[in-house]
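There are 2 protein chains.
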Amino acid sequence: MVKIMATADRKEREKEQRKNAIIDAAEKLFFSRGFDNVSMEELAKEVELGKGTLYLYFKNKDALFFAIILRKMDELHEIFRECADLKVSGREKSKLMGKRYFEFVHENKEYYQMVCTNGPKLFRKLENEELHTFVEHMKEDLLLHHGVFREGMADGTVRDDIDPLELAFFMALMSNSIVCLDPGWKTVLEAEGISYHQFVKDFLLFIGNAIEKRPDAD
Amino acid sequence: MVKIMATADRKEREKEQRKNAIIDAAEKLFFSRGFDNVSMEELAKEVELGKGTLYLYFKNKDALFFAIILRKMDELHEIFRECADLKVSGREKSKLMGKRYFEFVHENKEYYQMVCTNGPKLFRKLENEELHTFVEHMKEDLLLHHGVFREGMADGTVRDDIDPLELAFFMALMSNSIVCLDPGWKTVLEAEGISYHQFVKDFLLFIGNAIEKRPDAD
DNA sequence: TCCATAATATGACCATCAGTCATTATACGA
DNA sequence: TCGTATAATGACTGATGGTCATATTATGGA
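In the order they appear, the protein sequences are chains A and B. Under this note's numbering, the residues of the first sequence are numbered 439 to 656, in order. Under this note's numbering, the residues of the second sequence are numbered 439 to 656, in order.
Quick look at the structure:
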């Protein structure tokens, strides 16, 4: 009987490993050639499995996309947590989190390419279980930022006339809009003589400026 | 000879009408059931044409999506132009444009639903001719806003320490990020006890506040 | 009026691909 | 060693975007 339990455990671990191997392969292929341009057949070949086997580990292709997202979200969350744990002012933490975030985006260009391209549609399909998991992950990050802003308000480095939670939302949305900037917009920027790099810098200044505590006025 | 030319003209007009009829039908179906859930076969049936015929008028399904977008962009642009032509301060124009924009979004819910869901992927596929057309349309709007901000800076109703063109970009991006707010985010908002309506209101206040001229400080 | 030609329309057909399932192979415990 | 449960498989299905050889229609001149 003990033996049975032990085997079950091992199988569980093996299953988890196999799952991760599949996600690894999916990342490799999706990142390099795009989610839509990789068939489940190809992916199966990459992990040396039959196509049908993939469906024993993931409900469908979207679930695979979703699994990649969650793994990256955890990775990023770890970075945010580190920043939040530092012993500096709220505003400093927030600044650092922004900096680390953009570094992370830079180090994961293909990932963000995939998310920006396919995310919007797939996220809108999420339901029940999956939506819930996703929402929980978003919440974790959001609450971290929320906490940082509250600290900032308490220590006087962040303006305190806005709900800190909403402020966290604003920041997330604005950051996201730069990261996922449409190529059309990029083209317009260039046509108007503004480099993307410059634009990002200015937008971040604008945002930073908008959340900092100001010398009192009316 | 004259007759030939006249016929050519008429044919040209008829072709244009047919094209518009197809776009009408496509809007109707795509808006109500989603871009992906409408097959070209169905669409053909709706306009009482053979499937192959559609491809005489539009290169592919994406081109149809794109045609819908352009038509709506023109509609919205007309509204913006009206606002820009009013005889009020720059800041007032900008405010009004924002108001009219959100009204427009409200009146075209299904359209924005479609754009937010399928736009990101399709816009990233655009190339050459199509990309150029799209960029030109975006530019038109952008320059209108740019002009309004410059007026605002000149008349002292808008802060003048930022490039007005970049400011126009910021506004466009931020507005867009609210309009296309991911359902996941909406769920998180709700879970945290913030209604979407309230959130939009606060974000707009935040933005407005960020572009208004401030009592001088360092 | 009638014909030749060009323009327009058509739907059977093709290729692709996500997802299924009946069948086969493997691992395990007795 | 054997019977059962678990895991793996790939042929198959259904849906669909896009093509193309063929058919239909409109046009302008004879």
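Glycine included, every Cβ here is placed at the ideal spot set by N, Cα and C.
### Task
Look at A:R597 and A:I649 and say whether their C-beta atoms are less than 8 Å apart.
Here residue 597 of chain A refers to the residue found at position 159 when the first sequence is read from its first residue. Here residue 649 of chain A refers to the residue found at position 211 when the first sequence is read from its first residue. Taking 8 Å as the cut-off, the beta carbon of A:R597 is found closer than this to the beta carbon of A:I649.
### Task
Report the option in A:N498, A:K457, A:A505 whose CA atom is closest to the CA atom of A:T571.
The residue given as residue 571 of chain A occupies position 133 in the first sequence. Taking only the C-alpha atoms, the option nearest A:T571 is A:A505.
### Query
Looking at the structure shown, is A:V526 part of a helix, part of a strand, or coil, going by DSSP?
As a working mapping, residue 526 of chain A is identified with position 88 in the first sequence. In the three-state DSSP reduction, A:V526 falls in the coil class, being neither helix nor strand.
### Message
Below 8 Å, how does it come out for the region 576 to 584 of chain B and the region 622 to 629 of chain A: are there three or more Cβ pairs, yes or no?
### Response
Yes, the region 576 to 584 of chain B touches the region 622 to 629 of chain A.
### Message
I need the DSSP call for A:V485, collapsed to helix, strand or coil.
### Response
If you number the first sequence from 1, residue 485 of chain A lands on position 47. If DSSP states are grouped into helix, strand and coil, A:V485 belongs with coil.
### Query
Since B:F467 contacts B:V476 with CB under 8 Å, what's their CB separation in whole angstroms?
Here residue 467 of chain B refers to the residue found at position 29 of the second sequence. Here residue 476 of chain B refers to the residue found at position 38 of the second sequence. Residue identity check: residue 467 of chain B is Leu in the sequence provided, not Phe. Right, the Cβ-Cβ distance comes to about 4 Å (below 8 Å), so this counts as a contact.
### Message
Rounding to the nearest angstrom, what Cα-Cα distance links A:A445 and A:E545 in this structure?
### Response
Position 7 of the first sequence, counted from the first residue, corresponds to residue 445 of chain A. Position 107 of the first sequence, counted from the first residue, corresponds to residue 545 of chain A. It should be noted that the sequence gives Thr, not Ala, for residue 445 of chain A. Each residue's alpha carbon lies about 39 Å from the other.
### Message
Quick test of your reading: B:G409 and A:V573, contact by CB under 8 Å. State the CB separation rounded to the nearest angstrom.
### Response
Only positions 439 to 656 of chain B appear in the structure, and residue 409 of chain B is not among them; the question remains open.
### Query
Which bits of chain B does A:D640 rub up against, with CB to CB less than 8 Å?
Here residue 640 of chain A is taken as the residue at index 202 of the first sequence, counted from 1. Annotation: Cβ neighbours of A:D640 in chain B (cutoff 8 Å, chain order): I600, D601, E604.
### Query
What are the start and end residues of each continuous alpha helix (DSSP H) run of 4 or more residues lying completely inside the region 489 to 528 of chain B, in chain order?
As for any alpha helix (DSSP H) of minimum length 4 sitting wholly inside the region 489 to 528 of chain B, the runs are 489 to 495, 499 to 523, ordered along the chain.
### Query
Are the region 590 to 606 of chain A and the region 550 to 558 of chain B touching by the rule of at least three beta carbon pairs closer than 8 Å?
The answer is no - the region 550 to 558 of chain B does not touch the region 590 to 606 of chain A, with fewer than three Cβ pairs under 8 Å.
### Query
Beta carbon of B:R538, beta carbon of B:G590: below 8 Å?
For the purposes of this step, residue 538 of chain B is identified with residue 100 of the second sequence, where counting begins at 1. For the purposes of this step, residue 590 of chain B is identified with residue 152 of the second sequence, where counting begins at 1. Between B:R538 and B:G590, the C-beta spacing is not below 8 Å.
### Query
Are three or more beta carbon pairs between the region 489 to 509 of chain B and the region 450 to 465 of chain B nearer than 8 Å?
Three or more beta-carbon pairs drawn from the region 489 to 509 of chain B and the region 450 to 465 of chain B are found closer than 8 Å, and the two stretches are therefore classed as touching.
### Task
To the nearest angstrom, report how far apart B:L619 and B:K497 are at their CA atoms.
Numbered from 1 along the second sequence, position 181 holds the residue referred to as residue 619 of chain B. Numbered from 1 along the second sequence, position 59 holds the residue referred to as residue 497 of chain B. Going by C-alpha positions, B:L619 is about 31 Å away from B:K497.
### Three-state secondary structure (DSSP) of A:V476
Here residue 476 of chain A corresponds to residue number 38 of the first sequence, with the count starting at 1. A:V476: coil per DSSP, three-state reduction.
### Query
Pick from A:K651, A:D512, A:L560: whose alpha carbon is nearest that of A:D593?
Residue 593 of chain A sits at position 155 when you count from the first residue of the first sequence. The option with the nearest alpha carbon to A:D593 is A:K651.
### Message
If the criterion is Cβ atoms closer than 8 Å, does the pair B:M535 and B:C521 meet it?
### Response
The residue labelled residue 535 of chain B in the question sits at position 97 within the second sequence. The residue labelled residue 521 of chain B in the question sits at position 83 within the second sequence. Yes, the Cβ-Cβ distance between B:M535 and B:C521 is below 8 Å.
### Query
If we ignore side chains and look at the alpha-carbon of each, how far apart do B:N566 and A:K483 end up?
Locating residue 566 of chain B in the second sequence gives position 128, counting from the first residue. Locating residue 483 of chain A in the first sequence gives position 45, counting from the first residue. Using only the alpha carbons, I get a separation of about 35 Å.
### Query
In terms of alpha-carbon separation, which member of A:K489, A:F637, A:L502, A:H515 lies closest to A:F473?
The count along the first sequence starts at 1 and reaches residue 473 of chain A at position 35. Nearest of A:K489, A:F637, A:L502, A:H515 to A:F473, Cα basis: A:L502.
#### Entry: Integer Cβ distance of A:R456 from A:Y495, believed to fall under 8 Å
By one-based count along the first sequence, residue 456 of chain A stands at place 18. By one-based count along the first sequence, residue 495 of chain A stands at place 57. So it is a contact: roughly 6 Å between Cβ atoms.
### Message
Am I right that A:F518 and A:L582 are in contact with their C-beta atoms under 8 Å? What's the rounded C-beta distance?
### Response
Counting from 1 along the first sequence, the entry for residue 518 of chain A is found at position 80. Counting from 1 along the first sequence, the entry for residue 582 of chain A is found at position 144. Indeed, because the Cβ distance is near 5 Å, the residues count as touching under 8 Å.
### Task
Within the same chain, show all residues whose beta-carbon is closer than 8 Å to that of A:S527, passing over the 5 residues directly before and after it, in chain order.
Numbered from its first residue, the first sequence carries residue 527 of chain A at position 89. Answer for A:S527: E589, G590, D593, T595, listed in chain order.
### Query
Taking all protein chains shown into account, do 16 or more other C-beta atoms lie within 10 angstroms of the C-beta of A:Y550, making it buried, or fewer, making it exposed?
Position 112 of the first sequence holds residue 550 of chain A. Classification for A:Y550: buried.
### Task
Taking only beta carbons into account, state which residues of the region 622 to 634 of chain B come closer than 8 Å to chain A, listed in chain order.
Identification of residues in the region 622 to 634 of chain B having a C-beta nearer than 8 Å to some C-beta of chain A yields G622, W623, T625, V626, L627, A629, E630, I632, given in sequence order.
### Pairwise C-alpha distance: B:F644 and B:H635
Locating residue 635 of chain B in the second sequence gives position 197, counting from the first residue. Locating residue 644 of chain B in the second sequence gives position 206, counting from the first residue. Approximately 14 Å, taken between the alpha carbons.
### Query
How would you call B:S470, buried or exposed, if buried means at least 16 neighbouring beta carbons within 10 angstroms?
Taking the second sequence and counting its residues from 1, the one referred to as residue 470 of chain B is at position 32. Flag for B:S470 reads exposed.
#### Entry: Cut-off 6 Å between Cβ atoms - residues of its own chain near B:H584, not counting five sequence neighbours on either side
Translated into positions along the second sequence, residue 584 of chain B becomes position 146. Taking C-beta separations shorter than 6 Å and ignoring five residues to either side along the sequence, the partners of B:H584 in its chain run P602, L603, A606, following chain order.
### Query
Is B:E650 helix, strand or coil when you go by DSSP?
Taking the first residue of the second sequence as 1, we reach residue 650 of chain B at position 212. Correct three-state label for B:E650: strand.
### Query
In the region 571 to 638 of chain A, which residue ranges form an unbroken alpha helix (DSSP H) of at least 4 residues, counting only runs that do not cross its ends?
For secondary structure counted as the alpha helix (DSSP H) over 4 or more consecutive residues, the region 571 to 638 of chain A holds these complete runs in sequence order: 602 to 617, 621 to 629.
### Query
So B:L560 is in the alpha helix (DSSP H); what residue range does that whole segment cover?
Residue numbering aside, residue 560 of chain B sits at position 122 when the second sequence is read from its first letter. It spans 547 to 561 - the alpha helix (DSSP H) in which B:L560 sits, taken as one unbroken run.
#### Entry: Within-8 Å CB hit, B:L382 to chain A
Within the shown structure, residues of chain B are numbered from 439 to 656, placing residue 382 of chain B beyond reach of any answer.
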